[in-house]
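Colleague: Numbering (my numbering), first residue to last: 45 to 514.
1. Run through the DSSP bridge pairs and tell me what residue 466 is partnered with.
2. Would the region 338–356 count as touching the region 261–270 if we require 3 or more Cβ pairs under 8 Å?
3. Tell me the residue span of the alpha helix (DSSP H) that contains residue 482.
4. Suppose the cutoff is 6 Å on Cβ atoms and the five residues either side in sequence are ignored; what does the same chain contact list for residue 127 look like?
5. Give the DSSP bridge partners of residue 268, in chain order.
6. Across the region 196–213 and the region 224–232, are there enough close Cβ pairs to call them in contact, namely three or more that are closer than 8 Å?
7. Looking at C-alpha atoms only, which residue of 491, 245 and 236 is the closest neighbour of residue 210?
8. Let me know if residue 292 comes out buried or exposed under the rule of 16 or more other beta-carbons within 10 Å of its beta-carbon.
9. From which residue to which residue does the alpha helix (DSSP H) around residue 206 run?
10. Let me confirm a value: residue 102 is counted as buried when at least 16 other C-beta atoms fall within 10 Å, else exposed. Which label applies?
11. Using DSSP bridges, identify the partner residues of residue 382.
12. Find out if the Cβ-Cβ distance for the pair residue 300, residue 330 is shorter than 9 Å.
13. I'd like to know whether the C-beta atoms of residue 182 and residue 167 end up nearer to each other than 9 Å.
14. So the candidates are 223, 116 and 369; which of them puts its Cα closest to the Cα of residue 141?
15. Buried or exposed: where does residue 94 fall if 16 or more other Cβ atoms within 10 Å of its Cβ makes it buried?
16. Rank 309, 406 and 430 by C-alpha distance to the C-alpha of residue 420 and give the top, closest one.
17. In chain order, what residues of the same chain lie with their CB nearer than 7 Å to the CB of residue 449, ignoring the 5 residues before and after it?
18. Taking the Cβ atom as the reference point for each residue, do residue 366 and residue 172 lie within a distance shorter than 9 Å?
19. Beta-carbon within less than 8 Å of residue 192's beta-carbon, same chain only, minus the 5 sequence neighbours each way: which residues are those?
20. Quick one: which unbroken beta strand (DSSP E) runs of 3-plus residues sit fully inside the region 283–323? Chain order, please.
21. Could you check where the beta strand (DSSP E) with residue 215 kicks off and where it finishes?
22. With a Cβ-Cβ cutoff of 9 Å, do residue 161 and residue 387 count as a contact?
23. Taking just the CA atoms, how far does residue 49 sit from residue 147?
24. By alpha-carbon positions, which one of 418, 462, 470 and 434 ends up nearest to residue 443?
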C-alpha cells in the first residue's frame with residue numbers, strides 16, 4: 045500500500061453535497077459540509093455520508109476496464125452474498141468460527157492435490173492476505189532452514205544469506221530481502237530473454253544461498269520461467285559442489301493457470317527440489333482481494349520453530365502468518381469458487397480467458413504498428429511495443445490516450461539489461477469478454493491515425509510517464 049502524507053493546505057474548501065438529497069434541507073445551504081482532513085464536530089445522516097463517499101469514488105477508474113491489474117474484478121452474486129455474510133468473522137478466531145477454519149483447511153488440501161504434493165495429507169499451508177505475505181512466509185522458511193543447516197557459522201559478521209531470483213520478480217521479493225536482511229542476487233535480462241536463466245541463476249549460488257525463486261508467470265510479460273530447467277541446473281550444481289539449494293515457486297498467477305491448461309508442464313511438487321509454492325487466490329484463483337496461499341511440500345520444509353501455538357480465546361491455535369486479525373470472507377469465497385467450478389469448470393474459465401488474450405494479441409499485431417513480445421499463450425497476458433518504424437509516438441502516448449476512453453493500460457520500461465525496451469501490457473481476466481476485447485481494439489484503432497500524425501513522441505520523462513509501478 046502507498047504511504048500517504050497529511051494535507052499541505054490548511055485553507056481547503058470543505059467537501060460539499062447536493063442540498064436536494066436525502067435528509068439535507070435544500071434551503072439551508074451546505075452548512076453540514078464536513079472538513080476533509082479532520083473529524084467534523086458532529087455526525088452526518090448515513091445517507092449523506094454515503095453519498096459524499098460514493099460521489100468521490102466515481103472518479104476512480106473502472107475496475108473492469110483496468111487491464112493493468114491481475115486482481116479479480118468480477119465474481120458471481122452468490123459469492124458476494126457469502127462474503128457479506130462473513131465480513132464480521134475474524135479469520136484468526138478458529139475456535140469461535142470452526143467451520144470457516146475447516147474451509148481454510150480444505151482449500152489447503154485441494155491446492156496440495158492440485159500441485160501434486162507427494163502426500164497431499166502431509167503438505168502444510170495457510171491462507172494469507174495475498175501473495176506478498178505468502179512470499180514473505182516462504183522466504184522466512186527458506187532462511188530459517190538455511191540458518192539451521194549453518195548454525196556453526198551463522199550468525200556471524202562475515203556471513204550474509206542470499207536469495208537468487210530473476211530481476212523481473214515482483215516488488216514483494218525486494219521487500220523480503222530488505223526486511224529480513226537477505227542479499228538479493230538477481231539474474232538480469234538479456235536479449236529476447238525476459239526472465240530468469242537457469243544456468244545464470246545456478247552460477248550466482250554459493251554456500252550462503254537460502255534458495256532460488258522461480259516465477260510461474262512474470263508480471264512483466266506473462267511468460268513462465270522454466271522451473272524444471274532451473275531445478276535441473278541446481279541438481280547439476282549439487283553434483284559438482286554438494287550445495288543442496290531449494291526452490292520456491294512464486295505462482296502468484298500461473299499456479300492457478302498451469303494445472304488446468306498446461307497439465308504436461310512440470311513445475312510443481314513433482315520436482316523434488318521445489319520446497320514451497322504460493323499463489324494469489326485473488327488473481328486467477330478468481331476471488332476478490334485479498335487472499336493468498338502458501339504451501340510447503342511437507343512439515344520438514346516449514347521449520348517448526350516458525351509456527352506459533354497461541355492460547356487465544358480459549359483455544360490452542362497453531363499459526364504462521366505476518367498478520368493476525370483479518371476477515372474470513374475471502375477464504376470462504378475461495379472455497380465457494382473451488383466448490384462451484386471443480387477442475388473442469390476452472391479449465392473452461394481459464395481457457396476462455398487465454399483464448400481472449402491470444403485473439404486480442406493477434407488483433408493488436410494485425411494493426412501493423414506494434415510488435416508482440418508475448419502472445420498470451422502462458423498467462424492470459426501479453427506485452428507489446430511499437431514497431432521499429434514507428435517514430436511519431438511511443439507506448440506512453442498510447443497508454444495516456446487509451447485512458448481517455450476509460451482503458452487502463454500500463455506502459456513501463458523493462459529492468460536491466462533491457463532498459464531500452466518500453467512496452468504496454470494487457471492482462472485478461474475472467475469478466476474481460478470477447479466483446480470488451482473488440483471494443484478495446486476499436487478504440488485503439490481510432491487513436492492510431494491521430495498518433496501517427498504526431499511530430500514526435502510527447503513523453504519527456506519515461507519514469508514520470510509510466511503507468512506501472514508493481
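No residue lacks a Cβ here, since even glycine has one placed at the ideal position from N, Cα and C. Please read all numbers here as calculations on a predicted model, not as lab measurements.
Modeller: So, from the listed chains and residues:
1. DSSP lists 457 as partners of residue 466.
2. Touching, no, given that fewer than three Cβ pairs across the two stretches are closer than 8 Å.
3. Residues 478–496.
4. Closer than 6 Å at the Cβ level, and outside the excluded window around residue 127, lie 373 and 377.
5. Note: residue 268 is bridge-paired with 260 in the DSSP secondary-structure output.
6. Contact between the region 196–213 and the region 224–232 is present, because at least three Cβ pairs lie under 8 Å.
7. Nearest C-alpha to residue 210: 245.
8. By the neighbour-count rule (16 or more Cβ atoms within 10 Å), residue 292 is buried.
9. Residue 206: not part of any alpha helix (DSSP H); member of the beta strand (DSSP E) spanning 206–210, first to last residue.
10. With fewer than 16 Cβ atoms within 10 Å of its Cβ, residue 102 is classed as exposed.
11. Residue 382 pairs with nothing; no bridge assigned.
12. Against a cut-off of 9 Å, the Cβ pair of residue 330 and residue 300 comes out as a contact.
13. Annotated as distal: residue 182 and residue 167, with beta-carbon spacing of 9 Å or more.
14. Among 223, 116 and 369, the Cα nearest to that of residue 141 belongs to 369.
15. Taking every protein chain shown into account, the CB of residue 94 has fewer than 16 other CB atoms within 10 angstroms, so this residue is exposed.
16. The candidate whose alpha carbon is nearest that of residue 420 is 406.
17. A distance below 7 Å between beta-carbons, with the five flanking residues on each side excluded, links residue 449 to the following residues of its chain, in chain order: 487.
18. Result yes, Cβ atoms of residue 366 and residue 172 sit closer than 9 Å.
19. Result list for residue 192: 347, in chain order.
20. Qualifying beta strand (DSSP E) stretches, in chain order: 291–294.
21. Unbroken run through residue 215 is the alpha helix (DSSP H), 215–223; no beta strand (DSSP E).
22. Taking a C-beta distance under 9 Å as the contact criterion, residue 161 and residue 387 do not qualify as a contact pair.
23. Roughly 39 Å between the two C-alpha positions.
24. If we check each option's Cα against that of residue 443, 470 comes out closest.
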